[in-house]
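So the sequence shown is numbered by UniProt numbering: it starts at 1 and just counts up by one. Every residue gets a Cβ at the ideal spot worked out from N, C-alpha and C, and that includes glycine. The structure presented is a predicted model; accordingly, all values stated were derived computationally and were not measured. What follows is a short report on a single structure.
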Amino acid sequence: MQKYTLEELLEEMLFSERARGISQKTVKKHQKFLMLFFSYLENEHVYFLEDVTPKQIRYFMLSKLEEGCAESYINTHLRSIRAFFKYCVDEEYIKYDANPCLRVKWMKERKVVIQTFDDREIKEMLVLAKKLTFFKPKKMDKFHTGYQTRFTNQRDYLLLLILVDTGMRINEVINLRDSHISEKEIFIENAKGKKDRVVHCSPLIYKEFLKYKRVSKSFFEYNNLKPDDYVFLTKAGKQYNALLAERAVLKIGKECQIRKAIRISPHSFRHYFAQKLVRNGTDIYTIQKLLGHASIKTTEVYLRSLNIENEVARVIKFSPLQTI
Numbered sequence: 001m002q003k004y005t006l007e008e009l010l011e012e013m014l015f016s017e018r019a020r021g022i023s024q025k026t027v028k029k030h031q032k033f034l035m036l037f038f039s040y041l042e043n044e045h046v047y048f049l050e051d052v053t054p055k056q057i058r059y060f061m062l063s064k065l066e067e068g069c070a071e072s073y074i075n076t077h078l079r080s081i082r083a084f085f086k087y088c089v090d091e092e093y094i095k096y097d098a099n100p101c102l103r104v105k106w107m108k109e110r111k112v113v114i115q116t117f118d119d120r121e122i123k124e125m126l127v128l129a130k131k132l133t134f135f136k137p138k139k140m141d142k143f144h145t146g147y148q149t150r151f152t153n154q155r156d157y158l159l160l161l162i163l164v165d166t167g168m169r170i171n172e173v174i175n176l177r178d179s180h181i182s183e184k185e186i187f188i189e190n191a192k193g194k195k196d197r198v199v200h201c202s203p204l205i206y207k208e209f210l211k212y213k214r215v216s217k218s219f220f221e222y223n224n225l226k227p228d229d230y231v232f233l234t235k236a237g238k239q240y241n242a243l244l245a246e247r248a249v250l251k252i253g254k255e256c257q258i259r260k261a262i263r264i265s266p267h268s269f270r271h272y273f274a275q276k277l278v279r280n281g282t283d284i285y286t287i288q289k290l291l292g293h294a295s296i297k298t299t300e301v302y303l304r305s306l307n308i309e310n311e312v313a314r315v316i317k318f319s320p321l322q323t324i
């Protein structure tokens, strides 16, 4: 019987995932976590698929726990390990009942209460970001016209508005194109899980979007740059990225009186959006659709982590599909 090395099967699995159109982020995550697992196995002198046991997987998880890793992070490792062995079963490299993951349970995770912004903090950040769009520095020379400052300030204000009003993921926001934004809604194309969806938005977003387009056009024309076909751009005309967006949000947040317990990041606006929907009585199935969750279970876990148990119970209890 032929024995398969873990390394060669990993290479095959990653190629298969790329060919299937699995997101680059997921492929890289599997590669990273599985290489860590295989490195641990090498220290145990395990190199072949057939030699991996449930006990070794459990010991690997325990070693990560002893390193101080959170239970949720360790389960992320296990998720990649499970994906690897499922691939091996699907390709008939091992039989179903020989899958060592079948006898490995998830690590029980500590329930973390997520703190998010309140209305006052949101207003403070929006007021500050709006105020910055009126900032008009004096022209110093042909290289310092103030165009760049007006462009970046208007961009960051529009970014905040969209995060607050739609609850979109940051990667969904930075992938927006001009055709995706209309007067009353935003079309999200090829979002997580390769699904499209539409979210409604305030008319204020379209108004500020038009302002941003005027400012960005002036900036790029002055600098003789041809920008990429995205709404959110860097000063070099390239697509904005999540890291730069996080820095912009953090910079604005630090200027405001945000509580120390709050993580100032784009994703925290998503939690704020969900919390507002719950407290306004929106049913859980609508919230699931707006957040872009594939499963209602994900939405329930997501909401319960916000420490709004009473409101969540009411939303689930009176949801239309729950009361038929």
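Residue i, buried or exposed, once every other Cβ within 10 Å from all chains shown has been counted against 16
i	result
P203	exposed
R20	exposed
L62	exposed
Q275	buried
Q322	Below a pLDDT of 50, predicted positions are generally treated as unreliable, and Q322, at 45, falls in that range; the measurement from the model is reported next regardless. Counting Cβ neighbours within 10 Å, Q322 comes out exposed, since fewer than 16 surround it.
A294	exposed
F134	exposed
G68	exposed
G281	exposed
Y59	exposed
A248	buried
L210	exposed
T298	exposed
P320	Low confidence applies here, because P320 scores a pLDDT of 44, under 50, leaving its location unreliable; read the following figure in that light. Flag for P320 reads exposed.
Residues sharing a beta bridge with residue i, DSSP
i	result
I181	I186
L14	Answer is none; L14 lacks a bridge partner.
V199	I186
Beta-carbon separation (whole angstroms), residue i vs residue j, contact threshold 8 angstroms
i	j	result
H200	E189	Actually they are not in contact, since the Cβ atoms of H200 and E189 sit about 16 angstroms apart, beyond 8 angstroms.
L159	Y93	L159 to Y93, Cβ: 46 angstroms. No contact.
A261	Q115	5 angstroms
E109	S72	5 angstroms
L244	V278	Actually they are not in contact, since the Cβ atoms of L244 and V278 sit about 31 angstroms apart, beyond 8 angstroms.
L14	Q31	6 angstroms
L176	I252	Contact flag wrong, Cβ pair sits at about 20 angstroms.
I174	F232	5 angstroms
I74	M107	5 angstroms
K64	H77	6 angstroms
Residue i Cβ short of 7 angstroms to the ligand MG heavy atom set
i	result
R110	In the structure on display, the ligand MG does not appear, and there are no ligands present to speak of.
Interface flag, residue i vs chain B, CB-CB below 8 angstroms
i	result
K211	Within the model displayed, chain B is absent; a lone protein chain is all it includes.
Flag this pair as touching only if the stretch 5-13 and the stretch 25-45 have three or more C-beta atom pairs under 8 angstroms; answer yes or no.
yes
Decide yes or no for the touch test of the stretch 146-162 against the stretch 203-218: beta carbon pairs closer than 8 angstroms, at least 3 of them.
yes
Which whole runs of the beta strand (DSSP E) in the stretch 220-289 are 3 residues long or more, in chain order?
none
Enumerated in chain order, which unbroken segments of the beta strand (DSSP E) with a length of 3 residues or greater are wholly contained in the stretch 1-74?
none
Determine, using beta-carbon pairs with one atom in the stretch 76-86 and one in the stretch 96-113, whether at least three such pairs fall under 8 angstroms.
yes
Below 8 angstroms, can you find three or more Cβ-Cβ pairs linking the stretch 159-169 to the stretch 265-273?
yes
Take every Cβ of the stretch 249-267, pair it with every Cβ of the stretch 285-304, and state whether three or more of those distances are shorter than 8 angstroms.
no
Going residue by residue through the stretch 81-157, where are the continuous alpha helix (DSSP H) segments of at least 4 residues, counting only ones entirely within it?
119-132
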